[in-house]
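Residue numbers 408 to 636, in the working numbering, belong to the letters of the sequence shown in order.
Working notes, structure below.
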Amino acid sequence: MRKNVMMLIVLGMMMAGLVGSSLAQKPADFSGTWTLDVKKTRDVPAGLKSYVLTVKQDDTQISFEAKIDGNLNSSLAQDQQRTSNLNSFGEVAAQSIPAGSAGASTGVAGSAFTDTGSMASSSSKVNVAHGRAFATVVRRLTCRLDGEERVREIGGISPGKMRRKAMWKDPAKSLELHIARDFDTQGSVVTSTVREIWELTDGGRELRIKRTVNLLAGWDEVTLVFARQ
Numbered sequence: 408m409r410k411n412v413m414m415l416i417v418l419g420m421m422m423a424g425l426v427g428s429s430l431a432q433k434p435a436d437f438s439g440t441w442t443l444d445v446k447k448t449r450d451v452p453a454g455l456k457s458y459v460l461t462v463k464q465d466d467t468q469i470s471f472e473a474k475i476d477g478n479l480n481s482s483l484a485q486d487q488q489r490t491s492n493l494n495s496f497g498e499v500a501a502q503s504i505p506a507g508s509a510g511a512s513t514g515v516a517g518s519a520f521t522d523t524g525s526m527a528s529s530s531s532k533v534n535v536a537h538g539r540a541f542a543t544v545v546r547r548l549t550c551r552l553d554g555e556e557r558v559r560e561i562g563g564i565s566p567g568k569m570r571r572k573a574m575w576k577d578p579a580k581s582l583e584l585h586i587a588r589d590f591d592t593q594g595s596v597v598t599s600t601v602r603e604i605w606e607l608t609d610g611g612r613e614l615r616i617k618r619t620v621n622l623l624a625g626w627d628e629v630t631l632v633f634a635r636q
């Protein structure tokens with residue numbers, strides 16, 4: 408009898424361990440409405456009035472939309488502001504993607520990037536362009552959570568490819584997003600990149616996004632802190 412009781416206890420402990428392990432591996436859920444915390448975020452542009460991020464997420468994909476009120480370029484130097492008009496990621500998306508089409512799920516506003524090669528090259532640090540990471544905003548995005556890269560062709564005045572992927576890290580505690588836009592210019596390819604790492608903090612009440620970009624003006628990085636609404 409005592410042996411049977413001990414076996415039941417051991418089995419119960421094993422089952423509890425399996426359940427705990429399953430719960431621990433559940434991916435972070437970023438769903439909700441988030442507002443930029445200007446007190447916890449460094450180097451906020453003086454012209455920014457509000458930055459709201461609306462996120463939807465299920466087991467297979469994540470989608471979000473960013474709404475900006477104000478001027479994100481107010482902290483940039485005049486020469487950097489002029490650079491932002493060259494091959495603007497946002498302008499290309501608007502001209503190349505018909506409204507309501509399947510490709511309209513991605514829109515990025517910001518400046519051109521100078522990086523060439525694969526997505527991995529987004530970590531190369533050349534010239535620092537202070538304030539440019541803040542000014543380069545992913546306006547809207549839908550991305551599957553399987554870690555596979557999706558590619559689509561873009562025509563128009565700036566032909567090339569748009570590539571995006573999302574992968575879980577740490578494990579499944581943080582999400583890494585990659586967006587790359589390949590520009591075909593006179594037979595050579597210039598790749599512009601945005602990389603974001605999302606992580607929940609403060610018991611899920613806070614969202615931190617570390618954004619790294621490579622721009623025509625140089626490399627920049629910023630950490631944005633959002634509060635759940």
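Beta carbons are placed, not taken as given, at the ideal position from N, Cα and C, and that holds for glycine.
Within a Cβ cutoff of 6 angstroms, which residues of the same chain sit near residue i, ignoring the five residues on either side of it in sequence?
i	result
T440	T461, Q636
V596	D589
T448	L631, V632
G567	I561, D589, F590, D591
D577	none
Checking 8 angstroms against the spacing of the C-beta atoms, do residue i and residue j come in under that value?
i	j	result
I561	R571	no
I469	A573	yes
T598	K617	no
R612	A634	yes
K474	V459	yes
A542	L479	yes
D436	K456	no
G625	N534	yes
Just tell me which of the options has its CA closest to the CA of residue i.
i	options	result
E555	Y458, W575, T448	W575
D627	T600, G610, L443	T600
L443	V558, V544, G567, D466	V544
V558	Q464, K433, C550	C550
G538	K446, G454, G594	G454
D553	P566, T592, T467	T467
S565	D577, Q593, V445	Q593
V445	D577, F471, R615, L548	R615
So if DSSP puts residue i in a beta bridge, which residue, or which two residues, is it bridged to?
i	result
R559	M569
I586	R571, V601
R645	This structure leaves residue 645 out entirely; the chain is present only between 408 and 636.
V632	R615
T439	Note on residue identity: the sequence assigns Gly, not Thr, to residue 439. Paired residues: V462.
A621	With the sequence shown as reference, residue 621 is identified as Asn, and Ala is not the correct amino acid for it. For N621, which the question treats as bridged, DSSP gives the partners T600, W626.
Residue i: beta carbon under 7 angstroms from a heavy atom of the ligand HEM?
i	result
P452	This structure simply doesn't include the ligand HEM, nor any ligand for that matter.
Less than 7 angstroms between C-beta atoms, sequence neighbours within five positions excluded: which residues of the same chain meet that for residue i?
i	result
S525	At S525, the pLDDT of 37 sits below 50, so the modelled position is not reliable and the matter cannot be decided from this model.
P434	W575, A579
Q432	P578, A579
For residue i, collect the residues of the same chain with a Cβ closer than 8 angstroms to its Cβ; drop the 5 residues on either side in sequence, then sort them by chain order.
i	result
S438	V462, K463, Q464
Determine whether the Cβ of residue i lies closer than 8 angstroms to any Cβ atom of chain B.
i	result
R618	Reference to chain B is not applicable here, since this structure consists of a single protein chain.
**OP:** May I ask you to verify whether the region 575-586 touches the region 603-611, counting CB pairs closer than 8 angstroms and requiring at least 3?
**Re:** Yes, the region 575-586 is in contact with the region 603-611.
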